[in-house]
Amino acid sequence: MLTPQQTENLKRQIIQQIEKSFPEDKKEFAKSQIESMNSEQLEGFLNQNKLMKTPQRSQECVFCSIISGNISSYKISENSKAVAVLEINPVSRGHSIIIPKEHISTSEKIHQSVFSLAKKASGILKEKLKPKNVTIASSDLFGHEIINIIPVYENENQGSERKPATQEELKELQKILAKTARKTPKKTKKVKLVNSREKIWLPKRIP
Ligand SMILES: [Zn+2]
């Protein structure tokens, strides 16, 4: 909720924008619209136009934004407590991070399921990318504890030089790694039975 002071400041900023960018004949109407809004209406207006920059929003950490989908990511696996996504600035090919869905800054409070996802992801990386080894290391940028899963091909570690991965590389990796996570649905026996019965009772074609 905006304070009266914030509301006033925001109104002044928006009106300045209107002065600068609106066509002359629309200015007065737009300004009066903004002026007449109460704080709730103003907040709604800002949200609708994606202009909202309240403290909560700007403080939202990058990992929470990935969880909420506000920042797109290359997901390779997920469970109820965490997601595994590809690091976009990896130290090695397949470097992934496990992001707990809750914003927690200490590894002591991390749910066991987060660690099981880390184990699962490291298994997938080992199987699909065949590194010499896989290093698991936690870090808490933005006060959000995450777990790095780093495939080691030579002697890479968490402190190694990071290189931005291209979208193509990430897409290709996601294709390779996310595959195991999805099972193709099997046809049920029931369907087959119905089919065979239909076959039996199908009227013979008259030549
Ligand atoms: Zn967070």
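If you're matching positions, the sequence shown starts at 125 in our numbering and goes up one per residue.
Every residue, glycine too, gets a C-beta built ideally from N, C-alpha and C.
{"Check": "Inter-stretch contact (C-beta, 8 angstroms, three-pair minimum) for the stretch 216-229 and the stretch 193-208", "Outcome": "yes"}
{"Check": "Status (buried if at least 16 other CB within 10 Å, exposed otherwise) for Glu285", "Outcome": "exposed"}
{"Check": "Beta-bridge partners of Asn257, as assigned by DSSP", "Outcome": "Val276"}
{"Check": "Test item: CB-CB of Ser229 and Asp264 under 8 angstroms", "Outcome": "yes"}
{"Check": "Contact test: His227 Cβ vs ligand 1 heavy atom, cutoff 7 angstroms", "Outcome": "yes"}
{"Check": "Ile271 versus Asn171: straight-line alpha-carbon distance, rounded", "Outcome": "33 angstroms"}
{"Check": "Reduced DSSP category for Ile142 - H, G, I as helix; E, B as strand; rest coil", "Outcome": "helix"}
{"Check": "Assigned exposure category for Ser216 - 16 Cβ within 10 Å defines buried", "Outcome": "buried"}
{"Check": "Closest residue to Asn279 among Ile139, Asn257 and Phe169 (Cα-Cα distance)", "Outcome": "Asn257"}
{"Check": "Sub-8 angstroms separation of Leu301 and Lys252 beta-carbons", "Outcome": "yes"}
{"Check": "Contact set for His235: own chain, Cβ-Cβ below 6 angstroms, skip 5 residues either direction", "Outcome": "Lys205"}
{"Check": "Counted within 10 angstroms of its Cβ, other Cβ atoms place Glu159 as buried (16 or more) or exposed", "Outcome": "exposed"}
{"Check": "Distance between beta carbons of Gly267 and Cys185, contact taken as under 8 angstroms", "Outcome": "7 angstroms"}
{"Check": "Proximity test, His219 beta-carbon vs ligand 1 heavy atom, cut-off 7 angstroms", "Outcome": "no"}
{"Check": "Neighbour-count burial assignment, Glu292, 16 or more Cβ in a 10 Å radius", "Outcome": "exposed"}
{"Check": "Closer than 7 angstroms: His268 CB and nearest ligand 1 heavy atom", "Outcome": "yes"}
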